[in-house]
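Since the structure comes first, as structure tokens, the remarks are kept for the end.
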Amino acid sequence: MFSAGSFHPLHLRPRSWNSRLMSTNPTNGGEALVRALECEGVEVMFGLPGGAILPVYDPIIDSSIRHVLVRHEQGAGHMAEGYAHATGKPGVCMVTSGPAATNVVTPLADAMLDSVPMVCITGQVPLAAIGTDAFQECDTTGITMAVTKHNFLVTDPQDIPRIIHEAFHIATTGRPGPVLVDIPKDIVDPVNPRSAMTWYEPDSVPMELPGYHPQTDGDPALIQEAAELIAHAERPVLYVGGGILKARAAEPLLELAELLAIPVVTTLMARGAFPDSHELCLGMPGMHGNYTAVTAMQRADLLVSLGARFDDRVTGRLDGFAPDAKIIHVDIDPAELGKVRQYNVGIQGDCKVVIEGLVDITKKLGPGAQADRSAWRSTVSGWQEKFPLTYEQSLPGDKLKPQFVMEQLRDGNPDDTILCSGVGQHQMHASQFWRFDHPYTWINSGGLGTMGFSIPAAIGAKAGMPDRRVWAVDGDGNFQMTAQELVTATVEDIPIKVALFNNSYLGMVRQWQEMFYDERFSEVHLSDHVPDYVKWAESMGAVGIRVESPEEVAPAIAKANEINDRSVVIEFVTDARENVFPMVPAGATNSDVVVDPSQQHLLDGTGGDS
Amino acid sequence: MNVSPASPRWHTLVATVENKPGVLARVAGLFSRRGFNIHSLAVAPTNDERFSRITFTVDIEGTPLDQVVKQLDKLINVVDITELNPAHSVERELMLITVETGESRKELMEIVDDYRAYVLSDGDDSMMMSWSARPARLDELEERLRPFGIVELQRTGRVALPSLDD
Ligand SMILES: Cc1ncc(C[n+]2csc(CCOP(=O)(O)OP(=O)(O)O)c2C)c(N)n1
Ligand SMILES: [Mg+2]
Chain S
1 MFSAGSFHPL HLRPRSWNSR LMSTNPTNGG EALVRALECE GVEVMFGLPG
51 GAILPVYDPI IDSSIRHVLV RHEQGAGHMA EGYAHATGKP GVCMVTSGPA
101 ATNVVTPLAD AMLDSVPMVC ITGQVPLAAI GTDAFQECDT TGITMAVTKH
151 NFLVTDPQDI PRIIHEAFHI ATTGRPGPVL VDIPKDIVDP VNPRSAMTWY
201 EPDSVPMELP GYHPQTDGDP ALIQEAAELI AHAERPVLYV GGGILKARAA
251 EPLLELAELL AIPVVTTLMA RGAFPDSHEL CLGMPGMHGN YTAVTAMQRA
301 DLLVSLGARF DDRVTGRLDG FAPDAKIIHV DIDPAELGKV RQYNVGIQGD
351 CKVVIEGLVD ITKKLGPGAQ ADRSAWRSTV SGWQEKFPLT YEQSLPGDKL
401 KPQFVMEQLR DGNPDDTILC SGVGQHQMHA SQFWRFDHPY TWINSGGLGT
451 MGFSIPAAIG AKAGMPDRRV WAVDGDGNFQ MTAQELVTAT VEDIPIKVAL
501 FNNSYLGMVR QWQEMFYDER FSEVHLSDHV PDYVKWAESM GAVGIRVESP
551 EEVAPAIAKA NEINDRSVVI EFVTDARENV FPMVPAGATN SDVVVDPSQQ
601 HLLDGTGGDS
Chain D
1001 MNVSPASPRW HTLVATVENK PGVLARVAGL FSRRGFNIHS LAVAPTNDER
1051 FSRITFTVDI EGTPLDQVVK QLDKLINVVD ITELNPAHSV ERELMLITVE
1101 TGESRKELME IVDDYRAYVL SDGDDSMMMS WSARPARLDE LEERLRPFGI
1151 VELQRTGRVA LPSLDD
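Chains S and D, in that order, give the protein sequences.
Residue 180 in my numbering sits at position 180 of the first sequence, and the numbers go up by one each step.
Take any residue in the second sequence, count from 1 to its spot, add 1000: that is its number in my numbering.
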């Protein structure tokens, strides 16, 4: 598939590259750190060296770990996230102290809100210099306390293997999340006697985590109660969130949904957890969800929330959200239960375990135990027929419709393509118009909404899944935040494809100003002339293609898909007037969802109340 | 202004945490980032040196309290956290207080005897004493001493344990 001979997927790297380090045991903190990462199964890491972390970069030369040199530390963090999203394995990034540590704060916060397993190693000034305002010193553990699941400041090289093991354990178990390990220079620098340590395997000593015991098994009595509540529900909806993907529970979810014939909504973080092409799939709920998903939740008599967290972007105004629904809430994180919406049955546990339990009990109850839901199903399919996602095609001479481009992109790619997205209108259009039929094919920044996420995340995903096709959907505003990582993609031979939706605007903000600020556009116009994205792409070693008319769209996508030895950027020049619909205006309840202007008349009278 | 910590809107939380650097900052951070104030706080190692016990009183109720307790429990360094029911727990607080003696040394000594406080340091025109009791009783003594002129006052914040009858 790859024509470039220089590309070495990680697993093809000869193990012998590692010979020096493998043959002798580490004797100092720096070697121990790298060896500990190898012991944790790390195959690839993303980073950029500097003063405080220098001693760790020396043993990297001899390590089996592939290090991807980024152009900005934010990129390293998002690459680690993209890698984790795509592979299910923890993403690893390593950066130096001070400004490099502050540069990874955004990806850490992103990983925190989207529960992405990630381990971030930061260099720190020598122990004796901590607290003296030394060069490139910052209080990294203090700064990142609120944006990590946990962080460590290591003060003794002897602790390194154990703490690295603890970091991976915390990042990957329970509700996954980012863990930061801050490492002072003197304890990893072989020229400093303080770095001396006696090696041991990271998992050969007990972890020292007396306060960490994530609970995964759901309470069987509660699972029984939940199954019975479901059986009696006449208008149930399975409300599925990103936790399903974290729990690797897509299969049991499919079994449960089919067994009960209950419609499923998949949140922005869960797109692909249940196949879009399945007749029970209603698609994405929430602020830009489709009418049926939003309205089915609103009219439900029972919401079965599986690894979802009643985010405000899903619920709209809370006091009007799903007013008649009882709630079953399943989450591995007990702090989610009852946080936003009171539940009738709250189950702390791993979604996979709990869903398997629900399947068992439902089978025992037998089909006769289930309430008659035929009326509900026909109501729901009535909405689907009446309110499909739609948009007006462009007139000759108009700029491209972003929805049209997204459909062409979908139709021009296999369904196992990994799609990464930035944040804005293009993200919503991607979630709406792509067809997600497989888990782990959609990677985006849902919780934090981090512009600039998509390109580095796509590189991380491609590094982890070199045989898969990876497309990044991006906006022009987003692109200008992290595009430089395409240089990384070129130099490191990690080719990705970018569909750049250039509407010359911070489109999503423009939409809000149009709808809620009387079309008073403030600081949202980027530029109609600069930058020249084709030249920019080419200067970074990628192929640049500009597409302006509808008939060029599919051929350009096909051309991009033929190029596998380098990255491709297609700039689609799109219509800035195009907005994302449906939309629940901020502050409104989900009953007040605004559909595409062409469907709005259908809501009056019948549609809204059927 | 002087709301008694005994009034029902105050809640006492007791956490067992790892006795490590930074743990207090993590705990305090969960309150400050929500704009909650910690009214009183006492921290010291338990009989097992690896752990400390933190007792704090907070002016939060209902869902926010429930939420902050769950978030605290999620902290990796927090081993255990419970809210103490005032009806089933014992609370104590220590106060050091320096009061002007002036012309009224005799009346002052009567109060000291009355409350069984200790005189720790006796100067020419002021006296320092210590007393430990239920926080509400400390409030009471504080009010009795106020008319003499309080020079300095330091309370430790309450510590609490569940009582043994339940
Ligand atoms: C780092 C960051 N800054 C600001 C925002 C607020 N914001 C959300 S969407 C958006 C516009 C994005 O513009 P563009 O990349 O062109 O995408 P479009 O909406 O036009 O598709 C902005 C500014 C954000 N989400 N992230
Ligand atoms: Mg734009």
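Where a beta carbon is used, it is the ideal one built from N, C-alpha and C, also for glycine.
Owing to the predicted nature of the structure, the values given are computational and were not obtained by experimental measurement.
- Counting other Cβ atoms within 10 Å of its Cβ, F1051/D reaches 16 or more and is therefore classed as buried.
- For R71/S, same chain residues with a beta-carbon under 7 Å away, outside a window of 5 residues either side, are Q484, E485, V487 and T488 in chain order.
- Interface flag for N1077/D against chain S is set, since a Cβ pair is found closer than 8 Å.
- For E1018/D, the chain S residues whose Cβ falls inside 8 Å of its Cβ are P210 and G211, in order along the chain.
- Per DSSP, reduced to three states, the secondary structure at S522/S is coil, with no helix or strand assignment.
- By the 16-neighbour rule on beta-carbons within 10 angstroms, D331/S is buried.
- Between T450/S and N502/S the beta-carbon gap is near 20 Å, outside 8 Å, which marks them as no contact.
- Contact between L306/S and L253/S holds, since their C-beta atoms are separated by about 7 Å, short of 8 Å.
- Shortest gap from the CB of L506/S to any heavy atom of ligand 2: under 7 Å.
- By the beta-carbon neighbour count (other beta carbons within 10 angstroms, threshold 16), A249/S is buried.
- Bounds of the alpha helix (DSSP H) holding Y83/S are E73 to T87.
- Membership of P99/S in the alpha helix (DSSP H) is indicated by the continuous run P99 to N103.
- The beta carbon of V509/S sits closer than 7 Å to at least one heavy atom of ligand 1.
- DSSP places E392/S in the coil class of the three-state scheme, outside both helix and strand.
- At least one C-beta of chain D is nearer than 8 Å to the C-beta of P334/S.
- No Cβ of chain S is located within less than 8 Å of the beta carbon of G1062/D.
- For H150/S, the chain D residues whose Cβ falls inside 7 Å of its Cβ are I1076, in order along the chain.
- Partner residues in the beta bridge of M94/S, as assigned by DSSP, are G47/S and I121/S.
- Beta-bridge partners of D1122/D (DSSP): M1127/D.
- Look at G1022/D: its C-beta is under 8 Å from a C-beta on chain S.
- Annotation for E1142/D: M1095, I1097, I1150 and L1153 place their beta carbon closer than 8 Å to its own, counting only its chain and skipping 5 residues before and after.
- L280/S and F387/S have their C-alpha atoms spaced approximately 16 Å apart.
- Y517/S carries a coil assignment under DSSP once its states are collapsed to helix, strand and coil.
- When rounded, the separation of the alpha-carbon atoms in I494/S and A146/S is 33 Å.
- Using a C-beta cut-off of 8 Å, the stretch 123 to 135 of chain S makes no contact with the stretch 471 to 484 of chain S, since fewer than three inter-stretch Cβ pairs fall below that distance.
- Put simply, of D1124/D, Q1067/D, K1070/D and L1024/D the residue whose alpha carbon is nearest the alpha carbon of T1055/D is L1024/D.
- Listed in chain order, the non-local C-beta contacts of D58/S below 7 Å within the same chain comprise G30, local neighbours out to five positions each way being set aside.
- Relative to the non-hydrogen atoms of ligand 2, the Cβ of N503/S comes within a distance shorter than 7 Å of at least one.
- About 11 Å separates the Cβ atoms of G51/S and V95/S, ruling out a contact at the 8 Å cut-off.
- Q1067/D has a beta carbon lying within less than 8 Å of a beta carbon in chain S.
- Between the alpha carbons of D1124/D and D139/S lies a gap of roughly 48 Å.
- When the alpha-carbon of N344/S is set against those of T155/S, A325/S, L180/S and E519/S, the nearest one is in A325/S.
- For K326/S, the enclosing beta strand (DSSP E) begins and ends at K326 to D331.
- For T106/S, the closest Cβ of chain D is not nearer than 8 Å.
- Taking a contact as a CB-CB distance under 8 Å, the pair A300/S and V353/S does not count as one, their CB atoms being some 24 Å apart.
- When secondary structure is reduced to three states using DSSP, Q136/S falls in the coil class, being assigned neither helix nor strand.
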